[in-house]
Amino acid sequence: PSIPRHTNRLINEKSPYLLQHAHNPVDWYPWGQEAFDKAKIENKLIFLSVGYSTCHWCHVMEEESFKSEEIGEIMNEHFVCIKVDREERPDVDKVYMTFVQATSGGGGWPMSVWLTPDLKPFAGGTCFPPEDGVHRPGFRTVLLRIAEQWKENKDALLESSQRILEALRHTSEICVQGQESPPPPKEVMDTCFQQLSRSYDEDYGGFSKSPKFPTPVNFNFLFTYWALHQTTPEGAWALQMALHTLKMMAHGGIHDHIGQGFHRYSTDQYWHVPHFEKMLYDQGQLAAMYSRAFQISGDEFFADVVRDILLYVSRDLSDQAGGFYSAEDADSYPTTTSGEKQEGAFCVWAAEELQALLPDPVEGATEGTTLGDVFMHHYGVEEAGNVDPMKDPHQELKGKNVLIARCSPELTAARFGLKPGQLSTLLRECRQRLSSARAQRPRPHLDTKMLAAWNGLMISGFAQAGAALAEQGYVSRAAQAAAFLRTHLFDPNSGRLLRSCYRGKDNSVEQSAVPIQGFLEDYVFVIQALFDLYEASLEQGWLEWALHLQHMQDKLFWDPKGFAYFSTEAGDPSLLLRLKDDQDGAEPTPNSVTVTNLLRAACYSGHMDWVEKAGKILAAFSGRLQKIPITLPEMARATAVFHHTLKQVIICGDPQGEDTKEMLHCIRSVFSPNKVLIVADGDSTGFLYHQLPFLSSLERKDGKATAYICSNFTCSLPVTSVQELRGMLSP
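To convert, note that position 645 of the sequence shown is 645 in full-length UniProt numbering; the numbers rise steadily by one, no gaps.
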């Protein structure tokens with residue numbers, strides 16, 4: 001490669017996104033004191049650009065504007081330019097995204113914001129084209145206009161930025177009003193169910209027309225709603241909405257049929273043409289949701305999807321030290337000689353390419369049938385390509401096909417005179433052949449940053465899958481990743497989590513010169529993961545660490561005045577707002593998940609003040625939960641768990657004994673949203689016996705593994721039969 005003409009300060013960073021911009025002609029600074037001081041000393045405005053390494057439009061804005069010598073000169077002359085990786089610094093991203101959404105009605109990445117030297121925002125947007133269009137000014141024009149305003153109307157700009165900040169402070173406050181208590185759970189659950197029902201697409205599944213997002217929190221809510229209303233038509237409908245959507249997603253182009261795993265979202269109503277990036281947080285949450293779908297339905301189809309996701313993550317997103325990488329990009333070079341990347345190039349197929357790769361005649365099929373004929377029919381391949389031009393604004397997918405299972409196996413088999421069993425073998429052979437062919441293409445960029453929060457979500461995915469599918473290998477992989485977090489993303493001296501670490505040279509694991517401290521989401525998703533891992537592995541060390549982290553989370557983030565947790569800790573002067581997220585999106589908001597975490601923590605420790613805290617969070621969000629719970633489905637679900645009280649399902653027995661294993665298998669095969677699992681192994685010196693002294697009073701009946709169902713530490717009569725236990729597990 002040629003020696004780059006420009007190198008800026010980002011060359012010293014670890015984030016793959018910041019490194020992508022290290023050779024722009026723009027004099028980028030990372031977020032930090034050096035940039036803030038320069039802005040103040042030189043009395044310059046700050047231009048803040050926030051994105052992430054697998055963001056398609058971030059690449060577009062870089063190509064069009066940040067690589068332009070002319071635009072770079074304007075930026076360097078008039079502004080101090082700061083680049084932020086939103087995945088590394090969700091705190092900075094959230095403050096300024098709150099501003100952009102409030103002032104423009106929309107948001108997204110790349111986010112472009114102009115700040116005064118004291119970091120107050122006054123203008124912003126997302127991806128600007130370089131030149132003026134009919135309806136909007138181009139980036140160059142915006143830069144020059146803002147620079148002119150600063151020169152001519154500095155005082156007015158400063159005044160306006162102060163007013164904006166005060167308004168944001170006021171509108172973003174979430175706190176308990178007066179003596180509010182948790183909202184009534186039945187009302188919250190029913191309203192959320194009705195709002196989801198109204199937005200549901202009965203034909204193709206999902207909860208919008210287009211674009212369509214996986215939104216795992218919706219499935220988690222619907223499964224819980226079903227569990228609490230199993231005998232009613234509403235309960236049946238909740239389950240139907242969840243299972244149908246999960247099936248349509250798995251058949252669709254959002255699911256990578258050749259390389260496994262799920263893409264970010266679908267641009268159309270049919271789950272067909274996706275944005276092709278693959279994010280770790282989607283894989284982790286979807287592995288958990290498909291595991292639950294399998295638990296509830298017993299349908300092997302869902303178990304196969306779980307195995308598919310975890311195969312992809314194990315192969316393509318796993319660091320050899322045990323952590324999980326963040327994402328794979330949407331864009332890649334179509335061939336080794338291409339000069340320009342295209343979205344989806346790694347994943348799409350021309351019809352003639354498939355025919356050439358799959359020419360073999362199919363034995364026993366209608367005469368003249370080739371493997372290609374069967375495969376192309378089943379996956380909706382068309383000679384001229386199967387992508388709607390309206391979903392392909394840059395014509396990058398012209399003549400190409402995004403695979404989507406258009407027919408049931410039975411219909412495809414009947415069409416070619418095959419048996420269904422024979423068809424599945426043929427399709428598997430085709431997919432393996434295409435996978436080998438695809439491996440010859442240039443791969444998309446891999447973001448090898450490892451984040452505590454997203455690793456937590458993926459550990460939960462592996463642990464829940466291991467328990468539900470009785471696959472010990474998945475539990476071991478979850479434990480390996482948890483050990484990685486403990487080694488690389490936890491500071492034993494301070495007892496605190498770190499946000500991120502990075503794959504370094506020679507596959508080592510590296511840390512920034514000044515490590516980024518963990519945010520609320522890091523604590524919440526890691527604690528959830530450790531509880532899930534304990535229930536799957538029965539290793540009490542994970543419980544002990546989870547309870548330590550819960551105490552630390554309380555200390556760093558709890559709001560004693562308004563209740564609930566702040567997303568960031570106090571004391572960072574560069575953060576203008578301490579916010580509490582109020583919407584479950586691609587990931588659940590941390591306060592939503594922490595309600596259930598606190599209830600689980602109380603069950604494992606006997607600390608009832610954690611139950612009180614859970615109630616205070618629900619009270620702080622009460623208004624939103626009663627009016628628009630569809631924006632907080634995970635917290636709506638938690639209102640029911642809070643109200644019904646978690647059951648402690650306690651098994652007294654030897655974890656290695658067959659009778660204990662049989663009971664464990666029974667518990668893990670039933671979806672029960674309001675239970676925690678505890679195994680009392682008789683070792684009174686163990687961590688659990690120390691936390692819960694009442695365990696010593698529970699005995700095995702007739703020397704057999706014995707189950708007790710306890711609520712608020714009051715236990716049922718002992719049960720030794722698996723059938724009886726199954727009956728007691730329903731919510």
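Beta carbons: idealized from backbone N, C-alpha and C, even for Gly.
Query, Result
"Segment contact, 8 Å Cβ cut-off, at least three pairs: the region 623-641 with the region 556-566", "no"
"For E342, the nearest candidate out of A351, I296, L397 (CA to CA)", "Here residue 342 is Gln; the residue named in the question, Glu, does not match the sequence. Out of A351, I296, L397, L397 has the C-alpha closest to the C-alpha of Q342."
"Which listed residue (G456, G106, I164, H78) has its alpha carbon closest to that of R140", "H78"
"W271 (DSSP reduced to helix, strand or coil)", "coil"
"Residue(s) in a DSSP beta bridge with H255", "F262"
"Range covered by the alpha helix (DSSP H) that runs through M111", "Element bounds for M111: not the alpha helix (DSSP H) but the beta strand (DSSP E), 111-115."
"Stretch-stretch touch, CB-based, cutoff 8 Å, three pairs: the region 218-228 with the region 653-673", "yes"
"Bridge-paired residues (DSSP) for G125", "S112"
"Inter-stretch contact at 8 Å, needing at least 3 Cβ pairs: the region 127-145 / the region 88-101", "no"
"Cross-strand partners of Q648 (DSSP beta bridge)", "V676, C710"
"In DSSP terms, what P361 is bridged to", "T370"
"Beta-carbon proximity of L498 to P515, cut-off 8 Å", "yes"
"Straight-line Cα distance separating A453 from P121", "28 Å"
"Collapsed DSSP secondary structure at F79 in the structure displayed", "strand"
"The region 475-486 touching the region 314-324, judged by at least three CB pairs closer than 8 Å", "yes"
"H272 beta carbon less than 8 Å from that of G259", "no"
"Simplified DSSP state of V348, which is helix, strand or coil", "coil"
"Per DSSP, cross-strand counterpart(s) of E343", "D331"
"Inter-residue Cα distance where the pair is C347 and L446", "15 Å"
"Separation of G585 from R145, as counted between CA atoms", "35 Å"
"Close Cβ partners of V372 (< 6 Å) along its chain, the five nearest in sequence each way excluded", "The question names Val, yet the displayed sequence has Gly at residue 372. Closer than 6 Å at the Cβ level, and outside the excluded window around G372, lie L354, Q355, L358."
"Unbroken stretches of the beta strand (DSSP E), 3 residues or longer, contained in the region 455-490", "none"
"Separation of G504 from R443, as counted between CA atoms", "19 Å"
"Nearest candidate by alpha-carbon position, reference E699, set P233, A529, N12, V679", "V679"
"Stretch pair the region 582-599 + the region 526-540: three plus CB contacts closer than 8 Å", "yes"
"Beta strand (DSSP E) runs contained entirely in the region 55-102, provided each spans 3 or more residues", "79-85"
"Span separating the alpha-carbon of S65 from that of G72", "8 Å"
"Spatially closest choice to residue 737 from P117, A546, P16, L457, by CA coordinates", "No answer is possible for residue 737: the residues shown for the chain start at 1 and end at 731."
"Between the CA atoms of G615 and residue 741 - distance to the nearest angstrom", "Lying outside 1 to 731, the shown extent of the chain, residue 741 is not represented and no answer is given."
"Segments assigned alpha helix (DSSP H), at least 4 residues, entirely inside the region 570-638", "590-605, 609-620, 622-627"
"Those residues which DSSP pairs with N401 across a bridge", "W349"
"Buried or exposed by the 16-neighbour rule on C-beta atoms within 10 Å, applied to T568", "buried"
"Coarse secondary structure for S49, derived from DSSP in three states", "strand"
"C407 in three-state terms, based on DSSP", "coil"
"The ligand SAH heavy atom lying under 7 Å from the CB of M450", "As far as ligands go, the structure on display features none, and thus does not contain the ligand SAH."
"Of the listed residues P655, V60, T685, nearest to E340 (C-alpha basis)", "V60"
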